[in-house]
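Residue numbers (the numbering used here), protein chains in the order written: chain A, -9 to 536; chain B, 158 to 287.
What follows is a set of notes on a single structure, which appears directly below.
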């Protein structure tokens, strides 16, 4: 039987039974054909797909992938006080989690202490409150830094938090080369997708490259940045835009680091990535496969990297928060399972699975456990880990991978033509693109062009009845009291001297890391350090574009 | 001809999630409402001053950080202090059921949670100022 026979058959069938939709598209609005065949995949196997652990890494970054070790199960956690967060971490480790991931509250992310008036109502809400080294010491009480890998979702104040992490290691006589983990440290996306920027882009880039430089020499096993598409995707953009904005940012970071004299192969192996994994199952898998290939090509062709490790794109994944519904929270467990499976089939190195109650509150202990169990069931019961990149060779997935790669390169080029990501952020181009997609997505839901089960179809009348986590309302006042105590006990004169020195270094082009490590060891507060930097670097004034 | 409805959409506190605020700004604008958007990290005082200066009938606050109780109370208190009795306040965000009751009790006109349709929120606001 031939293609012609099939086409005739389809014509006959659709005449009597029309298909359920006029056009079929992915979530990111890429066209999807009825059927993919060998005619759709005209690619050269060795140069376009190759082998896991080898250029261009389409099929995976390690030669044995999950047969050697499954991905790191890393649930993002943190709320209330350091003590409560420490308790949640120990619980997660006991349940079989393999890496830590700290959520910080907004004052910590923005360089304000808990006693600042603008912090009122926010202390300990979306993450743990850190004012001084004392708090981070409490977070890691009884957890050995040389035994865990720690990811910190911290950006504008990343330099202070990594300094604290280093200080804890040094105080406990742990060699810095034993420290494993990641700081997010991706400030560019804050300007267009996440909102916790402090300083203008140029000064932020200086802080970031100072971290690259210091860590490439002293923390060889720590990822110095996690270049993130997650937040842009959550803000509403498409899969292709997620990749293009992420690599657009990555290009800026690599250029800046090269500009201060670093060798690409000295810092690029420690660059890591962070993506969202959304509802469109095959599109997401194709996205990750395409992303690995794009990064390998960029590093090899554009930046002339020679070290294979500079070309391998390692990434963390989080299931899509925006896809969660407040209606019938248990439905979210199913969404998360599909998304997590897509991340695994896409070859992720690390995964956070959202909890069913996260459209309503921070997750409860019970719902986090279910989310973690979801990963464990995929890893240990489903056998999907048995072979590498099991969807490689699928006509559809390969065709989609190629399509996403081509579209992403096109958009990267367009951004480059407009002067690069920083220019595109300053002109509002990126913000406008994201906003346009977010608005059209919501309209499609309301017009029922896009179905959300339990929301615009099969909706129940009753509201969810579910026990939610409540952050202890005393956290704020306790945190302020503890801060007062520390300020009385520490050597305030020494801190005054150190902060003067910090200002001088900030005004020069000397690396900021060593002095900030000294400051935090003396229990200078996060805000004391950031205020000095604000004074020297000024604050970013955003132009809002609607 | 009746006066055009004006709404101030504001992000109080330190929260950076502005997808909801911007989507709603677009929805209000497309329905003929005049929209002023404050951008991120506004203090309650900045928001109230802007609302009075821009002569809006409604403030739409968007909070996803859990700081809604403190921030809403502040905005309502300042409006009262400045005798801006004609300005209505509605809120959108991730707000637990129990807090919704309390917010309505202190004078917030409506709370729009996840899953709210834009058209319902727009309709509510239009009726509110009729």
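Glycine included, every Cβ here is placed at the ideal spot set by N, Cα and C.
Since this is a predicted model, take the numbers as computed values, not measurements.
Find the residues of chain B that neighbour residue i, judging by a C-beta separation of less than 9 angstroms, and give them in chain order.
{"i": "residue 185 (chain A)", "result": "168, 171, 172, 173, 174, 175, 197, 198"}
{"i": "residue 349 (chain A)", "result": "251, 270, 271, 272"}
{"i": "residue 108 (chain A)", "result": "170, 171, 198, 200"}
For residue i, which three-state DSSP category applies?
{"i": "residue 437 (chain A)", "result": "coil"}
{"i": "residue 366 (chain A)", "result": "helix"}
{"i": "residue 308 (chain A)", "result": "strand"}
{"i": "residue 510 (chain A)", "result": "helix"}
{"i": "residue 155 (chain A)", "result": "helix"}
{"i": "residue 158 (chain B)", "result": "Summary for residue 158 (chain B): the model assigns pLDDT 46, below 50, so the residue's position carries little reliability, and this model does not support an answer."}
{"i": "residue 527 (chain A)", "result": "helix"}
{"i": "residue 286 (chain A)", "result": "helix"}
{"i": "residue 218 (chain B)", "result": "strand"}
{"i": "residue 342 (chain A)", "result": "strand"}
{"i": "residue 228 (chain B)", "result": "helix"}
{"i": "residue 249 (chain A)", "result": "helix"}
{"i": "residue 24 (chain A)", "result": "coil"}
{"i": "residue 555 (chain A)", "result": "Nothing can be reported for residue 555 (chain A): it is not among the residues displayed for chain A, which extend from -9 to 536."}
{"i": "residue 102 (chain A)", "result": "coil"}
{"i": "residue 194 (chain B)", "result": "strand"}
{"i": "residue 181 (chain A)", "result": "helix"}
Buried or exposed: where does residue i fall if 16 or more other Cβ atoms within 10 Å of its Cβ makes it buried?
{"i": "residue 324 (chain A)", "result": "exposed"}
{"i": "residue 463 (chain A)", "result": "exposed"}
{"i": "residue 448 (chain A)", "result": "exposed"}
{"i": "residue 162 (chain B)", "result": "buried"}
{"i": "residue 361 (chain A)", "result": "buried"}
{"i": "residue 158 (chain B)", "result": "With a pLDDT of only 46 at residue 158 (chain B), under 50, the local geometry of the prediction cannot be trusted, and the value read off the model is given with reservation. Under this definition residue 158 (chain B) is an exposed residue."}
{"i": "residue 486 (chain A)", "result": "exposed"}
{"i": "residue 383 (chain A)", "result": "exposed"}
{"i": "residue 425 (chain A)", "result": "buried"}
{"i": "residue 59 (chain A)", "result": "exposed"}
{"i": "residue 372 (chain A)", "result": "exposed"}
{"i": "residue 427 (chain A)", "result": "buried"}
{"i": "residue 481 (chain A)", "result": "exposed"}
{"i": "residue -4 (chain A)", "result": "exposed"}
{"i": "residue 283 (chain A)", "result": "buried"}
Using a Cβ cut-off of 7 angstroms, pull out every chain E residue sitting near residue i, in sequence order please.
{"i": "residue 440 (chain A)", "result": "The structure shown contains no chain E; the protein chains it does contain are A and B."}
Output, in chain order, the set of chain A residues within a Cβ distance shorter than 8 angstroms of residue i.
{"i": "residue 228 (chain B)", "result": "111"}
{"i": "residue 179 (chain B)", "result": "425, 428, 429, 536"}
Output yes or no for whether 7 angstroms exceeds the beta carbon distance between residue i and residue j.
{"i": "residue 277 (chain A)", "j": "residue 319 (chain A)", "result": "no"}
{"i": "residue 266 (chain A)", "j": "residue 304 (chain A)", "result": "no"}
{"i": "residue 116 (chain A)", "j": "residue 96 (chain A)", "result": "yes"}
{"i": "residue 218 (chain B)", "j": "residue 248 (chain B)", "result": "yes"}
{"i": "residue 154 (chain A)", "j": "residue 510 (chain A)", "result": "yes"}
{"i": "residue 150 (chain A)", "j": "residue 519 (chain A)", "result": "yes"}
{"i": "residue 302 (chain A)", "j": "residue 51 (chain A)", "result": "yes"}
{"i": "residue 263 (chain B)", "j": "residue 215 (chain B)", "result": "no"}
{"i": "residue 179 (chain A)", "j": "residue 218 (chain A)", "result": "yes"}
{"i": "residue 158 (chain A)", "j": "residue 127 (chain A)", "result": "yes"}
{"i": "residue 236 (chain B)", "j": "residue 244 (chain B)", "result": "yes"}
{"i": "residue 405 (chain A)", "j": "residue 182 (chain A)", "result": "no"}
{"i": "residue 296 (chain A)", "j": "residue 229 (chain A)", "result": "no"}
{"i": "residue 164 (chain A)", "j": "residue 136 (chain A)", "result": "yes"}
{"i": "residue 70 (chain A)", "j": "residue 465 (chain A)", "result": "yes"}
{"i": "residue 140 (chain A)", "j": "residue 101 (chain A)", "result": "no"}
{"i": "residue 239 (chain A)", "j": "residue 411 (chain A)", "result": "yes"}
For residue i, return the contacting residues in chain A, with the cut-off set at a CB-CB distance below 7 angstroms.
{"i": "residue 274 (chain B)", "result": "436"}
{"i": "residue 249 (chain B)", "result": "Result: empty, since nearest Cβ-Cβ is about 12 angstroms, beyond 7 angstroms."}
{"i": "residue 270 (chain B)", "result": "316"}
{"i": "residue 182 (chain B)", "result": "536"}
Please compile the residues from chain B whose C-beta is within a distance smaller than 8 angstroms of the C-beta of residue i.
{"i": "residue 458 (chain A)", "result": "253"}
{"i": "residue 353 (chain A)", "result": "Simply none; closest approach about 12 angstroms."}
{"i": "residue 532 (chain A)", "result": "196, 197"}
Give the residues of chain B in contact with residue i, contact being defined as C-beta atoms less than 7 angstroms apart.
{"i": "residue 115 (chain A)", "result": "222, 223, 224"}
{"i": "residue 445 (chain A)", "result": "272"}
{"i": "residue 432 (chain A)", "result": "180, 275"}
- [ ] With 9 angstroms as the C-beta to C-beta threshold (strictly closer), list the residues of the segment 300 to 325 of chain A near chain B in chain order.
- [x] 312, 314, 315, 316, 317
- [ ] Mind checking the segment 487 to 514 of chain A against chain B and listing, in chain order, the residues whose C-beta falls within less than 7 angstroms of any C-beta there?
- [x] Here the close residues number zero.
TODO: Can you give me, in chain order, the residues of the segment 204 to 224 of chain B that have a beta carbon less than 7 angstroms from any beta carbon in chain A?
DONE: 222, 223, 224
Open item on the list: Residues of the segment 209 to 242 of chain A in Cβ contact with chain B at a cutoff of 8 angstroms, in chain order, please.
Closed with: 224, 225, 226
- [ ] Quick one: which residues of the segment 77 to 106 of chain A get their C-beta closer than 7 angstroms to a C-beta of chain B? List them in chain order.
- [x] 96, 97, 100
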